[in-house]
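Asks: Below is a structure I'd like to ask you about.
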Amino acid sequence: MLRAHVEFLASDSMAGRLCPSRSCELTADYVLAQFLGAGLTTQVQTTEALLEIRRGDVFLRPLGLTVDPKWLAYEIPAKVNAEGSLVTPTKISIPKSSELDAVYNATGPIAVTVVPAGLRNVIGVVRGRDPVLRDTYVLVTAHYDHIGEKTDATGDSVNNGANDNASGISALIEIARAIAAAPVKPRRSIAFIAFFGEESGLVGSRYYAKNPVFPIAKTYAQVNFEQLGRTDDTEGPRVKAATVTGWDRSSMGAILARAAKPSGVRIYKHEKFSDAFFERSDNEALAKLGVPAHTVSVAYGFPDYHDLGDEAGKLDYANMRSVARALRSGVVALANRTTALPLRPPGGSKSPASR
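Numbering (my numbering), first residue to last: 1 to 355.
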């Protein structure tokens, strides 16, 4: 099923899953349907992207235009933005023979219409079996969005986002399905959350952190999945291996590594990137609130990152299945723990804070 999920989510018909867009909404619908089919208790956390546009400002909404070779492309300045960083700088085109330079550079008040865009974090819960610990939660998360279409491309224009992050969402769905089907549930409850808007600045996870569905004080840990499908790391092959960001900030990495060992998958600390990538994915917002929160990846860098070549056919599905099984064991191990999960500051010494 991992491959089937990726091939659907990363298909050209999904247009790169840019949020907000129709394909973003379809992706959220798909994840919700998978959670329901697996028997999880589901809910949707909905918000709207309200863009604050003052008179005299300009809001440019990406339209997915294709640049004809007879036309001249203009870059939209990066300073054109909106509250929440939901505007994606892109390109527009005008005929080479036109005289629109003055219009392009002109300033002045304009009339605008603000259209709210619905955005959803999709949640599925497996309730724990322990009468006390079931009211505490391990969050297992991944973002479902990508960067949409490349507006100045000729031919293929879809940034499919197979590894980033259809792979993470697919693993999330199948791990949720396996744990929900297990005859014995973990002690703690597990909440599987598919976040919107990671590519727009960690928007979905930051919204959740400000509006938590499960109390932060009852949130035991967060395991975030990012880029689990490609093994052709820029530093060399990554087979039967995965890394954890912020390894020294809690004991989670060691717990996941012990649980994964019987499956033959090595979970380890990347000496160069463990800290460097700690605040670059959806674990960041909850980590800042004191939750032991880390991201697991197979490859930090791969040749087609944020490019048209990140397609479903390039993923190593056999390895992805092995990693997903190992991570399922790790998630269950976390959810079965009865003792606190100590936090440590970046230096590595133990902090008095713990979960």
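For each residue, glycine too, the CB sits at the ideal point set by N, CA and C.
Just so we're clear, the structure is a prediction, and the values are computed from it rather than from any experiment.
May I ask you to report which of helix, strand or coil DSSP gives Asp68?
Replies: With a pLDDT of 42 at Asp68, under the threshold of 50, the modelled position of that residue is not reliable, and the figure given next carries that caveat. Coil, per DSSP.
Asks: Under the three-state reduction of DSSP, which class applies to Gln34: helix, strand or coil?
Replies: Three-state DSSP puts Gln34 in a helix.
Asks: Report the three-state DSSP secondary structure of Ala15 (helix, strand or coil).
Replies: Here Ala15 sits in coil by DSSP.
Asks: Ordered along the chain, which non-local residues of its own chain (more than five positions away) have a Cβ less than 7 Å from that of Ser251?
Replies: These residues qualify, in order along the chain: Leu341 and Pro342.
Asks: If you run the structure through DSSP and keep just helix, strand and coil, what is Ile147?
Replies: If DSSP states are grouped into helix, strand and coil, Ile147 belongs with coil.
Asks: Which residues mark the beginning and the end of the alpha helix (DSSP H) in which Phe195 is found?
Replies: First-last for Phe195: Ser189 to Phe195, but that is the beta strand (DSSP E), not the alpha helix (DSSP H).
Asks: Do you know how far the Cα of Val138 is from the Cα of Arg344?
Replies: Near 19 Å, if we compare the C-alpha coordinates of Val138 and Arg344.
Asks: Please confirm whether Asn336 and Pro215 have their CB atoms less than 7 Å apart.
Replies: No, Cβ-Cβ distance for Asn336 and Pro215 is not below 7 Å.
Asks: In whole angstroms, what is the alpha-carbon distance linking Ser170 and Phe8?
Replies: Rounded to whole angstroms, Ser170 to Phe8 spans 10 Å at the Cα level.
Asks: Any contact of the region 312–321 with the region 217–230, i.e. 3+ C-beta pairs under 8 Å?
Replies: The answer is yes - the region 217–230 touches the region 312–321, with three or more Cβ pairs under 8 Å.
Asks: Candidates Leu26, Arg120, Ala326 and Ala333: which alpha carbon is nearest Tyr207's?
Replies: That would be Arg120, whose Cα lies nearest to the Cα of Tyr207.
Asks: Let me check understanding here. Comparing Cα to Cα, which of Leu256, Ala142 and Ala293 lies closest to Gly197?
Replies: Gly197 has its Cα closest to that of Ala142, out of Leu256, Ala142 and Ala293.
Asks: According to DSSP, Tyr268 sits in a beta bridge with which residue or residues?
Replies: Its beta-bridge partners are Thr243.
Asks: Please tell me whether Ala176 and Gly124 are closer than 7 Å, where the distance is taken between their beta carbons.
Replies: Yes. Within cutoff.
Asks: Tell me the DSSP bridge mates of Glu48?
Replies: Paired residues: Gly118.
Asks: Between the alpha carbons of Val184 and Ala178, how many angstroms are there, rounded?
Replies: Their backbone Cα atoms lie some 11 Å apart in a straight line.
Asks: What did DSSP end up calling Gly84 once you bin it into helix, strand or coil?
Replies: Any reading at Gly84 is ruled out, since the residue's pLDDT is 44, under 50, leaving its predicted position unreliable.
Asks: Using a threshold of 7 Å, state whether the C-beta atoms of Val332 and Arg238 are closer than that.
Replies: In this structure, Arg238 does not lie closer than 7 Å to Val332 by Cβ.
Asks: Under the three-state reduction of DSSP, which class applies to Asn211: helix, strand or coil?
Replies: Reduced to three states, the DSSP call for Asn211 is coil.
Asks: Nearest by alpha-carbon distance to His146: which of Pro131, Val203 and Phe192 is it?
Replies: Per the Cα distances, Val203.
Asks: Anyone know if the C-beta pair for Thr245 and Thr295 falls short of 7 Å?
Replies: Yes, the pair counts as a contact, with Cβ atoms nearer than the cut-off.
Asks: Which residues mark the beginning and the end of the beta strand (DSSP E) in which Phe225 is found?
Replies: Thr219 to Phe225 is the extent of the beta strand (DSSP E) around Phe225.
Asks: Hey, Gly118 and Arg188: beta-carbon distance below 7 Å or not?
Replies: No, the Cβ-Cβ distance between Gly118 and Arg188 is not below 7 Å.
Asks: Assuming Asn211 contacts Gly16 under a Cβ cut-off of 8 Å, what Cβ separation, rounded to an integer in Å, is found between them?
Replies: Contact doesn't hold; Cβ gap of about 27 Å is too wide.
Asks: Taking the beta strand (DSSP E) that Ser251 belongs to, which residues open and close that run?
Replies: Where Ser251 is concerned, there is no enclosing beta strand (DSSP E), given that its DSSP letter is neither H nor E.
Asks: Spatial neighbours of Thr136 within its chain, please: CB distance less than 6 Å, with the 5 preceding and 5 following residues excluded, ordered by chain position.
Replies: Correct list, in chain order: Arg188, Lys218 and Tyr220.
Asks: Between Ser167 and Leu2, what straight-line distance do the alpha-carbon atoms span, to the nearest angstrom?
Replies: Using only the alpha carbons, I get a separation of about 8 Å.
Asks: Mind checking whether Ala293 and Gln222 have CB atoms under 7 Å apart?
Replies: Contact: yes.
Asks: Out of Ser329, Gly313 and Ala33, point me to the one whose CA is closest to Ser263's CA.
Replies: Comparing Cα-Cα distances from Ser263 to each of Ser329, Gly313 and Ala33, the minimum goes to Ser329.
Asks: In terms of alpha-carbon separation, which member of Thr243, Leu334 and Ala4 lies closest to Phe278?
Replies: Answer by Cα proximity: Thr243.
Asks: Could you tell me the distance, in whole angstroms, from the CA atom of Thr151 to the CA atom of Glu271?
Replies: If I take the Cα positions, the gap works out to 37 Å.
Asks: Under 7 Å, do Val6 and Ala181 count as touching if we go by C-beta distance?
Replies: Not in contact: Val6 and Ala181 (Cβ atoms no closer than 7 Å).
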